[in-house]
Amino acid sequence: MRGPVERFLEMVRIDSESGREKRFLTWLAERFREELGADCRFDAYGNLIATLPAKGPAAGEPILLCAHADTVKPGTGIEPVVEGARIVSKGDTVLGADDKAGIVAIWFGVLRARRRPPLEIVITREEEVGLLGAKHLDYGGLRSRMGFVFDGEDFSEIVIGGPSHFLIDVEVRGRAAHAGMEPERGISAILAVSRAIARLPQGKIDPDTTANVGVVEGGTVRNAVPARAVVRAECRSLDHGKAVALADTYRRIFEEEARALGAEAEVRVELAYRASRLPDDSPAVRLAAAAVSALGYEPRPRLIRGGTDASILNQHGIESVVLGMGAREPHTTEEWIAIEDLERAVSLAQALIENAARI
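Numbering-wise, this note's numbering comes out as the position in the sequence shown, counting from 1, plus 366.
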């Protein structure tokens with residue numbers, strides 16, 4: 367049987383950009399059946415759910431182990447290269463350690479664990495494009511009340527919560543006109559959104575809260591007053607009330623500036639996920655801290671302003687934290703992972719599983 371490094375190299379060579387994970391997940395289900403003895407199924411969205419019975423004495427309550435199958439672009443044709451003590455891509459793609467290192471950690475943690483509680487292993491699709499796999503997961507078939515997502519970087523950190531995240535999509539409709547002959551007959555949608563953007567709070571608003579305008583599109587030709595403009599923005603806060611208030615501010619400002627010019631603004635606000643925070647003494651945090659300590663690290667619970675599958679699991683009543691898996695510089699073509707960290711991630715998962723069997 368291949369070890370963690372060999373399996374990792376094999377896995378990242380299988381393309382699985384967001385939305386194109388099926389071949390990889392099918393391959394993974396076959397290996398889980400053969401090597402772990404897992405019962406594997408796919409839910410209606412295509413997430414892989416693998417279950418294993420308890421092993422050894424003091425089986426404990428079931429726990430959920432989670433990682434995501436998809437990689438960001440450019441992630442097609444990944445060719446990993448071992449450079450001394452670390453693994454990189456050949457340079458024109460990401461490596462895919464985010465999050466295939468997390469899958470390796472779970473896989474070999476299960477293989478090496480001398481005892482375990484009942485396990486539910488969930489490998490989600492389309493995490494990188496909005497946590498879509500976790501949002502569409504078949505929760506009705508899951509028994510676990512604690513979850514552990516292997517998708518962090520630092521082995522000492524335990525992510526215990528995250529923000530409320532609002533997606534803000536704006537379409538402003540003005541009126542077209544010839545820009546040279548009769549511009550006064552036009553209503554510039556671009557001018558309306560520009561005035562709005564100049565008024566918006568952006569960047570780091572306070573220690574809990576951020577906002578960003580990420581996309582602005584408008585107009586069709588140089589010599590026409592633009593009749594349409596589109597903006598895609600977001601806001602996040604660890605305080606749900608602050609996030610709600612900021613999203614309302616964005617809506618109001620776009621509507622005001624469009625109206626002032628005689629244009630119309632359609633603003634759609636969607637809550638992608640809601641802020642959550644586990645207490646430091648919750649069972650999931652205590653179990654994670656014991657595993658981190660077993661590796662020789664001082665556990666550091668923390669909050670982040672990013673989204674993970676744990677954000678969605680928590681909304682569905684599965685108390686979940688995020689643990690490290692060792693990937694460095696993810697989402698770039700400079701992504702890499704130390705071979706030692708790949709093994710360390712496996713040891714973390716093994717410690718977690720074995721400790722969970724004692725509860």
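Cβ atoms here follow ideal geometry from the backbone N, Cα and C, with glycine treated the same way.
How about E494 and V454: are their beta carbons less than 7 angstroms apart? Position 128 of the sequence shown, counted from the start, is the residue given in the question as residue 494. Position 88 of the sequence shown, counted from the start, is the residue given in the question as residue 454. Not a contact, by the Cβ cut-off of 7 angstroms.
Got a sec? Which residues, its chain only, sit under 7 angstroms from L708 by beta carbon, not counting five neighbours each side? For the purposes of this step, residue 708 is taken as the residue at position 342 of the sequence shown. Excluding sequence neighbours, L708 sits near P370, V371, F374, A467, V470 and G692.
Within 10 Å of its beta-carbon, does A654 have 16 or more other beta-carbons around it, so buried, or fewer, so exposed? Sequence index remark: in the sequence shown, residue 654 carries index 288 (1-based). A654 is buried by the Cβ-count criterion.
At 3 residues or longer, what runs of the beta strand (DSSP E) sit wholly inside the stretch 467-521? Counting whole runs of 3 or more residues, the stretch 467-521 contains the beta strand (DSSP E) stretches 485-490 and 512-518.
Quick one: grab the DSSP three-state call for L414. To locate residue 414, count along the sequence shown from 1; it is residue 48. Strand at L414.
On a Cα-Cα basis, can you pick out the residue from P567, E449 and E400 that is closest to A611? For this step, residue 611 is matched to residue 245 along the sequence shown. Closest option to A611, Cα to Cα, is P567.
Classify E583: buried if its beta carbon has 16 or more other beta carbons within 10 angstroms, exposed otherwise. For the purposes of this step, residue 583 is taken as residue 217 along the sequence shown, with counting starting at 1. With fewer than 16 other Cβ atoms inside 10 Å of its own Cβ, E583 counts as exposed.
Distance, E636 Cα to E383 Cα: To locate residue 383, count along the sequence shown from 1; it is residue 17. To locate residue 636, count along the sequence shown from 1; it is residue 270. Going by the C-alpha atoms only, they are around 25 angstroms apart.
Indicate whether I526 and L714 have their beta-carbon atoms separated by less than 7 angstroms. As a position in the sequence shown, residue 526 is number 160, starting the count at 1. As a position in the sequence shown, residue 714 is number 348, starting the count at 1. With contacts defined by Cβ atoms closer than 7 angstroms, I526 and L714 do not form a contacting pair.
Run of the alpha helix (DSSP H) containing S659, from where it starts to where it stops: Against the sequence shown, residue 659 aligns to sequence position 293. Going by DSSP, S659 is part of the alpha helix (DSSP H) stretching over P649 to A660.
Taking C-alpha atoms, which residue in P484, R588, W393 and E401 lies nearest to A722? What you label residue 722 is simply residue 356 of the sequence shown in a count that begins at 1. Check the Cα spacing between A722 and each of P484, R588, W393 and E401: the tightest is with P484.
Sorry if obvious, but does the Cβ on E701 come closer than 6 angstroms to a heavy atom of the ligand PLP? By its list of ligands, the structure shown contains no ligand whatsoever, and the ligand PLP lies outside what it can speak to.
Starting from the N-terminal side, write out each stretch of the beta strand (DSSP E) that is 3 residues or longer and does not extend beyond the stretch 571-620. Correct list: 575-584 and 594-603.
E636 - DSSP class collapsed to helix/strand/coil: Translated into the one-based positions of the sequence shown, residue 636 becomes position 270. Of the three classes helix, strand and coil, the one that applies to E636 here is strand, per DSSP.
Considering only their Cβ atoms, is the gap separating V538 from A595 smaller than 7 angstroms? Numbered from 1 along the sequence shown, position 229 holds the residue referred to as residue 595. Numbered from 1 along the sequence shown, position 172 holds the residue referred to as residue 538. A Cβ-Cβ contact shorter than 7 angstroms links A595 with V538.
Who are the near neighbours of A629 in its chain, counting only those whose CB is closer than 7 angstroms to its CB and skipping five residues on each side? For this step, residue 629 is matched to residue 263 along the sequence shown. Beyond the five residues adjoining it in sequence on each side, A629 comes within less than 7 angstroms, by CB distance, of V538, R539, G540, I553, A555 and A558 in the same chain, given in chain order.
So, for A641: in the same chain, excluding its five sequence neighbours on each side, which residues have a beta-carbon less than 8 angstroms away from its beta-carbon? Residue 641 sits at position 275 when you count from the first residue of the sequence shown. G527, G528, P529, S530, S603, L604, D605, H606 and A609.
For E492, which option in Y411, R565 and R478 has the closest C-alpha, if you only look at C-alpha atoms? Position 126 of the sequence shown, counted from the start, is the residue given in the question as residue 492. Taking only the C-alpha atoms, the option nearest E492 is Y411.
Taking DSSP's pairing of strands, which residues face A390 in a bridge? Along the sequence shown, read from residue 1 onward, the residue named residue 390 stands at position 24. The question names Ala, yet the displayed sequence has Phe at residue 390. Here F390 is not bridged, per DSSP, to any residue.
Nearest to L430 (by Cα), restricted to the options P696, E700, L689 and E706: If you number the sequence shown from 1, residue 430 lands on position 64. Nearest to L430 by alpha-carbon distance, out of P696, E700, L689 and E706, is L689.
Answer yes if the stretch 653-668 comes into contact with the stretch 507-524, meaning at least three C-beta pairs across the two stretches below 8 angstroms, and no otherwise. Taking 8 angstroms as the limit for Cβ pairs, the verdict is that the stretch 653-668 does touch the stretch 507-524.
Backbone CA spacing between L394 and C432 [nearest angstrom]: One-based indexing of the sequence shown puts residue 394 at position 28. One-based indexing of the sequence shown puts residue 432 at position 66. The alpha-carbon atoms of L394 and C432 are separated by roughly 14 angstroms.
Could you check whether F620 and A562 sit closer than 7 angstroms to each other, using their CB atoms as the reference points? As a working note, residue 562 is residue 196 in the sequence shown. As a working note, residue 620 is residue 254 in the sequence shown. A contact, by the Cβ cut-off of 7 angstroms.
Provide the residue span of the beta strand (DSSP E) that contains A433, from first to last. Against the sequence shown, residue 433 aligns to sequence position 67. I429 to H434 is the extent of the beta strand (DSSP E) around A433.
Continuous alpha helix (DSSP H) stretch holding L689: start and end: Residue 689 sits at position 323 when you count from the first residue of the sequence shown. Annotation: L689 is outside any alpha helix (DSSP H); the continuous beta strand (DSSP E) that includes it extends over E685 to G690.
Buried or exposed: where does A463 fall if 16 or more other Cβ atoms within 10 Å of its Cβ makes it buried? As a first step, residue 463 is located in the sequence shown; it is residue number 97 there, counting from the start. By the Cβ-count criterion, A463 is buried, with 16 or more other Cβ atoms from all chains shown falling within 10 Å of its own Cβ.
How many angstroms separate the CA atom of V488 from the CA atom of G683? Here the question's residue 488 lines up with position 122 in the sequence shown. Here the question's residue 683 lines up with position 317 in the sequence shown. Straight-line Cα distance between these residues: approximately 15 angstroms.
Three-state secondary structure assigned by DSSP to A715: Position 349 of the sequence shown, counting from 1, holds the residue named residue 715. In the structure shown, A715 falls within a helical segment according to DSSP collapsed to helix, strand and coil.
Residues bridged to A631 [DSSP beta-bridge criterion]: Here residue 631 corresponds to residue number 265 of the sequence shown, with the count starting at 1. Checking the DSSP bridge columns, you'll see A631 partnered with V538.
Grouping DSSP H, G and I as helix and E and B as strand, with all else coil, what is V796? Residue 796 is absent from the model: the chain starts at 367 and stops at 725.
Distance, I534 Cα to G580 Cα: Here residue 580 corresponds to residue number 214 of the sequence shown, with the count starting at 1. Here residue 534 corresponds to residue number 168 of the sequence shown, with the count starting at 1. In a straight line, the C-alpha of G580 is about 10 angstroms away from that of I534.
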